[in-house]
Amino acid sequence: MKMKAIFHIDVNSAYLSWEAKDRLEKGETLDLRRVPSAVAGDPKKRNGIILAKSIPAKKSGIKTGEALFEAFAKYRDLIVVPPNYALYMQCSHQMNEIFKEYSPLVQRYSVDESFIDYSNMEHLFGEPLKVAHEIKSRIKNELGFTVSVGVSTNKLLAKMASDLKKPDAVITLYPEEIPKKMWPLPVGDLFMVGRRTLPKLENLNIQTIGDLANTEVGLLKQVLKSHGVLIWNYANGVENSPVAGGPREVKGIGNSTTIPYDVYREEEAFMVLLSLVETVGMRLRAGGYVAGLVSVGIKTNTFLYYSHQRKLELATDSTQELYEIAKELFQEAWGGEVLRHLGVRVSNLKEGGMRQLTIFEESGEYERHQKIDRTIDKLRLRYDPNCVFRGCFANTKVKPLQGGVGEEDYPMMSSLL
């Protein structure tokens, strides 16, 4: 019986790499990956945090998650570009389409990470290590960015492997390689050893993953309860959750944004809601879902938060219908306060299909909306997320597509990992 073959693919400096590749394709000559640069919000827009940085920026001491003013203190000529979440979703989609050519079992772990179960596929494409190199090369040559590929017998070891060498690398971490490759690493590098767990392990004089692996599991259980047993198993390479390929249950799809200026007027709020619904609708249709519940979240400039929702008589994936409902919910809920943040979320999802018309609905109207939405989706995925946008966004401060990548789109690996 052959061993399982699991790949973990991790995009190197994902947001920064995708931004650099997109700019080069549009004619720019400066490659952001080769100079100190970062993707971050604008401090004037209240979200000035480093989201991704280039390798030269990392060498200057700049860290993901730190404030922009801290980064500029370390390197005053740092090039900063704003995030483009629609672009990230497009690049992620293109990458995962390549993965599906090699296995039916592909699981997105996040927007820039995926697992592939390559077990029993050797007779079609070749040995796992050869295919891992092939996938890495294809992404670099066809899509214009680099990845690190971890290869092992389970998801935990494959994920740990991809962190061992960056960028643009293929690394194995098979069970027999654990003592040499994984045990010397700091215990904080182990998956599921976080900021709260690390001090407790250090109090037990556990400094490396090897120390943890060779600690009496009963002691860990006494100090850390079930989590101690979990990380002891991980330190020994024990993990058996499957790569969850194919359809998966999604409870909801949401999108929100912190507005870079104070919003006083209803019309301005409507524009922001439309820009959020555009991406929510795209993600609904990409997953083959229709939504039966719509909710709108509102945060004021005094940080007061409230929301309003409605259950729909007819589930929908139409951007126009979702927008009209979001507007009504906003009108019913808003108390006239100065707005700082808006969000739209859809839930009660089910697979899309035929729709029964009501006596109030014009025949063919929903089908026309569907055709328009799907045509726009195809253009945005093929060319550029902003290649098509509504005319109402022209010459305004509101971007046609706003908001971030929702974490609910990528649930954690099944079971514990």
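In this note's numbering, the protein residues as written are 298 to 714. No residue lacks a Cβ here, since even glycine has one placed at the ideal position from N, Cα and C.
Taking C-alpha positions only, V520 is separated from L453 by approximately 23 Å.
Boundaries of the alpha helix (DSSP H) harbouring E575: 563-584, taken from the DSSP string. Note that the C-beta distance between R435 and I395 is below 8 Å. In this structure the stretch 311-328 does not touch the stretch 416-432; the number of beta carbon pairs closer than 8 Å is below three. In the three-state reduction of the DSSP assignment, D559 falls in the strand class. The residue from N309, M418, P697, V591 with its alpha-carbon nearest to that of E565 is P697. The C-alpha of D486 is placed about 12 Å away from the C-alpha of S459.
For A311, the enclosing alpha helix (DSSP H) has its first and last residue at 311-322. Under the DSSP assignment, I413 falls in the beta strand (DSSP E) whose first and last residues are 410-414. CA-to-CA, the gap between N530 and Q404 works out to about 23 Å. Its chain contains A337, G338, D339, A364, L365, F366 as the residues whose beta carbon lies nearer than 8 Å to that of G345, once the 5 sequence neighbours on both sides are disregarded; these appear in chain order.
By alpha-carbon distance to T597, the top candidate from L619, K608, A588, V635 is V635. Between D559 and L581 a beta carbon distance of about 30 Å is seen, past the 8 Å cut, so the two are scored as non-contacting. For P481 and G507, the gap between their C-alpha atoms comes out near 6 Å. In terms of CA proximity to E410, N309 leads the group F488, N309, K350, N451.
Shortest Cα-Cα distance from L509 to any of A612, R492, G534 involves G534. The C-beta of F304 has 16 or more other C-beta atoms within 10 Å across all chains shown, which makes the residue buried. Its Cα nearest to that of G589, the residue Q606 stands out among L573, Q606, H420.
Annotation: the continuous beta strand (DSSP E) that includes L609 extends over 602-613.
Cβ neighbours of Y372 within its own chain (closer than 6 Å, five residues either side excluded): P333, S357. With 16 or more other CB atoms across the displayed protein chains lying within 10 angstroms of its CB, Q387 is buried. Along the length of the stretch 494-524, whole alpha helix (DSSP H) runs at least 4 residues long occupy 494-500, 506-510, 514-521, reported in chain order. Per DSSP, the continuous beta strand (DSSP E) segment holding R405 begins and ends at 403-407. Sequence-distant partners of K694 (beyond 5 residues in either direction) whose C-beta falls short of 8 Å from its own C-beta, in its chain, are P557, Y558.
Nearest C-alpha to M392 among N417, I503, R320, F442: F442. Excluding the 5 residues flanking it on each side, T505 has same chain C-beta neighbours closer than 7 Å at W480, P481, L482, P483, V484, in chain order. In the structure shown, the three-state DSSP call for V540 is coil. Counting along the chain, the unbroken alpha helix (DSSP H) around E394 starts and ends at 382-396.
Between P380 and R320, the alpha-carbon positions lie close to 13 Å from each other.
For T469, the enclosing beta strand (DSSP E) has its first and last residue at 466-469. A direct Cα-Cα distance of roughly 14 Å separates E419 from T450. In terms of Cβ geometry, D674 and M568 do not form a close pair [threshold 8 Å]. Counting other Cβ atoms within 10 Å of its Cβ, Y603 stays below 16 and is therefore classed as exposed. Here T361 carries a coil assignment [DSSP, helix/strand/coil]. Around the beta-carbon of G594, 16 or more other beta-carbon atoms lie within 10 Å, marking it buried. In this structure, the CA atom of F412 is about 45 Å from the CA atom of Y561.
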